Structure formats: structure tokens, C-alpha cells
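To keep things clear, I will list the structure first and then write my remarks on it.
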Amino acid sequence: MSYHVNEKGYYGAFGGAYIPEMLYPNVEELRRSYLNIMQKDAFQKEFHQLLKDYVGRPSPLYFAKRLSEKYNTKIYLKREDLNHTGAHKVNNTIGQILMAKKLGKNRIIAETGAGQHGVATATVCALMGIECIVYMGEIDIARQAPNVARMKMLGASVVPALSGSRTLKDATNEAIRDWINNPIDTHYIIGSAIGPHPYPDMVTRFQSVISKEIKTQLLEKEGRDNPDYVVACIGGGSNAAGTYYHFLDDESVGIIAVEAAGKGIHSGESAATSALGKEGVIHGCKTLLMQTQDGQITEPYSISAGLDYPGVGPMHAHLYQTGRAEFYSATDQEAMAAGLELTKLEGIIPAIETGHALAIFEHKKFNPDDLVVLSLSGRGDKDLDTYINYFNL
Ligand SMILES: *Cc1c(COP(=O)(O)O)cnc(C)c1O
4 MSYHVNEKGY
14 YGAFGGAYIP
24 EMLYPNVEEL
34 RRSYLNIMQK
44 DAFQKEFHQL
54 LKDYVGRPSP
64 LYFAKRLSEK
74 YNTKIYLKRE
84 DLNHTGAHKV
94 NNTIGQILMA
104 KKLGKNRIIA
114 ETGAGQHGVA
124 TATVCALMGI
134 ECIVYMGEID
144 IARQAPNVAR
154 MKMLGASVVP
164 ALSGSRTLKD
174 ATNEAIRDWI
184 NNPIDTHYII
194 GSAIGPHPYP
204 DMVTRFQSVI
214 SKEIKTQLLE
224 KEGRDNPDYV
234 VACIGGGSNA
244 AGTYYHFLDD
254 ESVGIIAVEA
264 AGKGIHSGES
274 AATSALGKEG
284 VIHGCKTLLM
294 QTQDGQITEP
304 YSISAGLDYP
314 GVGPMHAHLY
324 QTGRAEFYSA
334 TDQEAMAAGL
344 ELTKLEGIIP
354 AIETGHALAI
364 FEHKKFNPDD
374 LVVLSLSGRG
384 DKDLDTYINY
394 FNL
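Convert by adding 3 to the 1-based position in the sequence shown; the result is the number in this note's numbering.
Below is the structure:
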């Protein structure tokens, strides 16, 4: 059984490239070139130099002593929250901006919902002096004012998507339309392990630096390079894909995914894709997708903007279907409580997305000598208002 993408762009039954005819040349150019470019020594050197000097990698692998005592197991936190811009997303945007340059592109487009991926994209465009256009639903622009301001400060144009529900999927449609109209000079930076092949694989490879570092760091600290479990929250699935990557084929490492159950899996307000999803096509790939009987995409809900997505990357759909990974979900309430608990026990305020991963310890009991590595995908500064309102601080 392989958990990696095949030559046709599939993970088992999932993946592929379901795109409009007019997008085919753009995606095909990327598909033909991405591995050749990424595997060149010069590319790897430049990528890792920037990860080191600009992002601040390697991110620490921190033994969380008090959290471990509370749950009577050995918990390590992979500190992606300490990256420049405060989350794992920048690992991917650094990789893709270098890819764009190698492909001779001088214009970047992206879409964003909560604005985190937009900020990570605008950041690397400022770094490289490349034009950046970020599509964002009109409703999201109003809801996410600080991130809109960040993007503008970084020199990006934020273009409102005015059609449909004026949120993420409409912004995605606008970005795709732009790419069709500007095939020669423009690269489209997708922010998670989703989209048409080769995006899920390319994003996963850029994020796989996470599990590569975990192996080295764990060997140093524990004398073994594989934990018993790796845990991550899943929106589209990029921090999870990076955290799992180097352990996918080692069945002695348990893989755990935590999705957002919102107000409860069956409340009608959730983003628990694996539990509720059926096979369908979204953003150019076949995957598990929350949809109505007649195939309309269901509006997802989660208190955390980064997990508020109706699909899941095709790699994760395959991990779910084959049983290679265990899937759990955490409600808003469980995630908020877990976020506050980490703050009190370890002095680390996590992103609410990450609070979902942390809620695993209330759902699953680990053995005292289990080594559990959890992806601390981001920091909670951006979520302070939500914490304040939720806990009446
Ligand atoms: C965007 C985001 C996520 C969810 O995205 P994935 O692609 O599933 O990793 C999780 N945590 C944080 C902090 C984020 O910003």
C-alpha cells in the first residue's frame, strides 16, 4: 500500500486534476516541472537557507513536561508557532515563490479566507519584490480587517470577490479566472494540501520539512527517530501532511488527525469532513467533501477560521479510507478549553486551529511510555479577540 501520490496524481481513489480545459496548460506546465525544479541542489539550498535565516527553522521540538504529567504520557510539541508570521503556512509560500521564480513568473495570485494564507503569500512576495494579488470574499474582508491591513502593508492588492456567498469559494473562483486570463506570467499559490495535481504533492513536500526535523530532533532527545504517534489538526491538511510525511510508510507510527466538529458533528454547523463527507470534486481534486444529497457543497462552520473548509486534501481522504490514520473531531468548546489549558500549563497561547489537535488528549488515552509528537501549527495572537469573547476575559 502506498500513501504517496502516483504518477497520475492520485492517492488511491482521491486526487487527480479536475480543471476547466482553459486551465490545462498552466497546471500541465507545473506538473511537468515541479519535481525537476524542487530536486535541484541549488533550489534545495536556497529553500533551506531561507527557512533557516528568514523563517527561523528548525523550529524547536519541545518536551511539554506539565502537559505530559497531566495526561500521563510523553508529549512533544513541534513549534511551528515560532515561525516568522506565526504558523506553518510560510514553509509552503517560501517554496512556491521560489518555484514561481524558476518558472519565470513575475506575478503571484492567491485566494484567502481568514487571511492567514494571504498574509503568508504577501510576505514572500514582499521578500522577493514580486507583484501580489490576493482574492478574498467581500464578507471575509470585513471580518478579517487586521489581516487585510497586513496584506496591504506588505504591498499586496486585495481584490474583493463579490459573487455568491462572497467567501472563500468565491475568492477561489476569481483566482482561477485570473489564472486562466494570465497563463504566461502568473503563478497561483495554493495554501493547503489541496487543489489539482501537482499542488497537494508539491505543498506536502514543502511542508515535509516538519517531519524531517522531528526525526532528527527526536533522535537527539530520545535516541529513536520515530515517535509512537504524530498528531495534527486538519483544515485542508498541510500542517498534517508535513507532520506525517516521513512516517507514512512506517506503520509503527500511529497517525492521528483532528478535524473541527464546530457545534457538534451532527449539529449542521461543523467542518468534520471525514465523518460527514462523501466523494466529490472541490478546487480541482476528487476528495471527501461535505455536500447535500444533490451534490451542492455545504457551508462549513468552525470557530477557527483555518479549519472552516468543506473538504480535505486527497492524501488525507486516502489515509482515512485505508484506515492508515485515525480521525477524530473536536468541538469549538473542546478546542477552546484545550487552547486555554496549554496556555496555563506551558505558557504557550496556541492558535484555535491547534486547540483542536490538543483536544486529542481528552478523546484518546495514551500509554505512559508513548511518545506523542503534536504539530503546534500556529500561535494564538490572531485569535485573541475570540479567546476574549469566549472566556469573558
Ligand atoms: C491555516 C491553518 C491551519 C489549517 O490549515 P492546514 O492546511 O490544514 O494545515 C491550521 N493551523 C493554523 C495555525 C493555520 O493557520
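Quick reminder that beta carbons are idealized off the backbone N, C-alpha and C, glycines included. This structure is a prediction, so every number in the text was calculated from the model and none was measured.
Among the bridge pairs identified by DSSP, His190 is matched with Ile111. Between ligand 1 and Ala354, a heavy atom-to-CB distance of less than 7 Å is present. Here Tyr6 is near Leu251, since their CB atoms are less than 8 Å apart. If you check the CB distance, Tyr138 and Val162 come in under 8 Å. In its chain, beyond the 5 residues on either side, Ser273 and Thr334 have a beta carbon closer than 8 Å to the beta carbon of Gly267.
For Lys281, the enclosing beta strand (DSSP E) has its first and last residue at Lys281 to Ile285.
Taken from the Cβ of Leu310, at least one heavy atom of ligand 1 lies inside 7 Å. Looking at the DSSP output, Glu262 bridges to Ser332.
At a cut-off of 7 Å, the beta-carbon of His286 does not count as near ligand 1: no heavy atom of the ligand is closer than that. If you look at Leu64, you'll find it in the beta strand (DSSP E) that goes Leu64 to Phe66. When the beta-carbon positions are compared, Phe330 and Tyr74 stay at least 8 Å from each other. Assigned with DSSP and collapsed to three states, Glu31 falls in helix. DSSP, reduced to helix, strand and coil, places Glu223 within a helical segment of the structure shown.
Taking 4 residues as the minimum length, the alpha helix (DSSP H) runs contained wholly in the stretch 136-165 are 141-146 and 148-156, in order along the chain. Each residue's CA atom was taken as its position, placing Ser305 and Glu31 some 34 Å apart.
Close CB contacts of Asn29 within its chain, under the 7 Å cut and outside five residues either way in sequence, are with Trp182 and Pro186 (chain order).
If one requires a minimum length of 4 residues, the alpha helix (DSSP H) runs lying completely within the stretch 82-131 are 92-105 and 119-131, in chain order.
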